[in-house]
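*Asks:* If you're matching positions, the sequence shown starts at 13 in this note's numbering and goes up one per residue. Built from N, CA and C at the ideal position, the CB exists for glycine as well.
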Amino acid sequence: MELMRSLDDCEAKLWNDYLNLAHALTQAASKTALSLEEAMPALASLREGIYENLNQTLHEYYAVRGLGWLLSARPEYQTLEWHWNPRATGTSLEPDIRGVTAAQVIVSAEVTTSPRPSGVIDSRMRATLTKLSQMAGAKYYFVTSPQMAQRANTKLAKAKYQIEVVDLSTFKQPL
Numbered sequence: 013m014e015l016m017r018s019l020d021d022c023e024a025k026l027w028n029d030y031l032n033l034a035h036a037l038t039q040a041a042s043k044t045a046l047s048l049e050e051a052m053p054a055l056a057s058l059r060e061g062i063y064e065n066l067n068q069t070l071h072e073y074y075a076v077r078g079l080g081w082l083l084s085a086r087p088e089y090q091t092l093e094w095h096w097n098p099r100a101t102g103t104s105l106e107p108d109i110r111g112v113t114a115a116q117v118i119v120s121a122e123v124t125t126s127p128r129p130s131g132v133i134d135s136r137m138r139a140t141l142t143k144l145s146q147m148a149g150a151k152y153y154f155v156t157s158p159q160m161a162q163r164a165n166t167k168l169a170k171a172k173y174q175i176e177v178v179d180l181s182t183f184k185q186p187l
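(1) Could you tell me the distance, in whole angstroms, from the CA atom of Ala36 to the CA atom of Ala115?
(2) Please identify the residue among Ser18, Leu180, Asp179 and Cys22 whose C-alpha is closest to the C-alpha of Arg99.
(3) Could you check how far apart the C-beta atoms of Pro158 and Ser181 are, in whole angstroms? I think they sit under 8 Å.
(4) Return the first residue and the last residue of the beta strand (DSSP E) that Lys43 is part of.
(5) Let me know the secondary structure DSSP gives Thr124 once reduced to three states.
(6) Among Lys151, Lys43 and Met147, which one has its Cα closest to the Cα of Leu79?
(7) Short of 6 Å in beta carbon distance, which residues of its chain neighbour Thr69, apart from the five on each side in sequence? Order them along the chain.
(8) For Trp7 versus Glu176, is the C-beta distance shorter than 8 Å?
(9) Consult DSSP for Arg138 and reduce its assignment to one of helix, strand or coil.
(10) At which residue ranges does the segment 57-106 contain complete beta strand (DSSP E) runs of 3 or more residues, listed in the order of the chain?
(11) Give me the Cβ distance between Asp179 and Val155, rounded to the nearest whole Å; I'm assuming they're in contact under 8 Å.
(12) DSSP three-state label for Leu51, please.
(13) Taking just the CA atoms, how far does Pro87 sit from Ala161?
(14) Can you list, in chain order, the residues of its chain with a C-beta nearer than 7 Å to that of Tyr173? Leave out the 5 residues immediately preceding and following it.
Below is the structure:
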């Protein structure tokens, strides 16, 4: 896990990631295909060039928003040292966000950017909530839509896990 510096530092990194993605899209969009045979390889190249970065940048963004929510809604967490897996590359034992003090885990949080709980997303949600339920500290599951929040709360009620679901689509970051 990486140390999360200030929210401003995290946002500056995200802005740079966005600019790089926007540049890649602009470059790809400037090429005109003259046939279907030219268009499909161009789409494949575009997908290869930005797909993973697009997903990971959105994950980072919502992790930063989640930290913003934690610091705003739970002022007692402002003194914690924050760590994260910005590119969702942590081990199965690590959350997306972790708040610690004196080597004691106080907060563990997971983030999902999927807007709808259907198909594979629904089964991933179950696995993620099970993983999170076994972690130390207060537990939070950050989602990006009311549909995801409702589905997560249903799963949590059935499993009886003590995890707070936070819908970041309704969170307005304080200035």
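*Replies:* In terms of the structure at hand:
(1) Taking the first residue of the sequence shown as position 1, residue 36 is located at position 24. Taking the first residue of the sequence shown as position 1, residue 115 is located at position 103. If you take the alpha carbons of Ala36 and Ala115, they lie about 41 Å apart.
(2) The residue labelled residue 99 in the question sits at position 87 within the sequence shown. Measuring from the Cα of Arg99, the nearest candidate turns out to be Cys22.
(3) Looking up residue 158 in the sequence shown gives position 146. Looking up residue 181 in the sequence shown gives position 169. Yes, they are in contact, since the Cβ atoms of Pro158 and Ser181 sit about 7 Å apart, within 8 Å.
(4) Locating residue 43 in the sequence shown gives position 31, where the first residue counts as 1. Element bounds for Lys43: n/a, residue is neither H nor E.
(5) On the sequence shown, position 112 is the one that residue 124 refers to. Coil at Thr124, not helix or strand.
(6) Counting from 1 along the sequence shown, the entry for residue 79 is found at position 67. Checking every option, the nearest Cα to that of Leu79 belongs to Lys151.
(7) For the purposes of this step, residue 69 is taken as residue 57 along the sequence shown, with counting starting at 1. Closer than 6 Å at Cβ, skipping near neighbours: Asp29.
(8) What the structure shows of the chain is the stretch from 13 to 187, and residue 7 is not part of that stretch, so it cannot be assessed.
(9) Residue 138 sits at position 126 when you count from the first residue of the sequence shown. If DSSP states are grouped into helix, strand and coil, Arg138 belongs with the helices.
(10) 93-96
(11) Counted from its first residue, the sequence shown places residue 179 at position 167. Counted from its first residue, the sequence shown places residue 155 at position 143. That pair is a contact at about 6 Å.
(12) In the sequence shown, the residue the question calls residue 51 occupies position 39. The displayed chain sequence assigns Ala, not Leu, to residue 51. DSSP places Ala51 in helix when its eight states are reduced to three.
(13) To locate residue 161, count along the sequence shown from 1; it is residue 149. To locate residue 87, count along the sequence shown from 1; it is residue 75. Approximately 23 Å, taken between the alpha carbons.
(14) Within the sequence shown, residue 173 is the residue found at index 161, counting from 1. Closer than 7 Å at the Cβ level, and outside the excluded window around Tyr173, lie Leu141 and Ser145.
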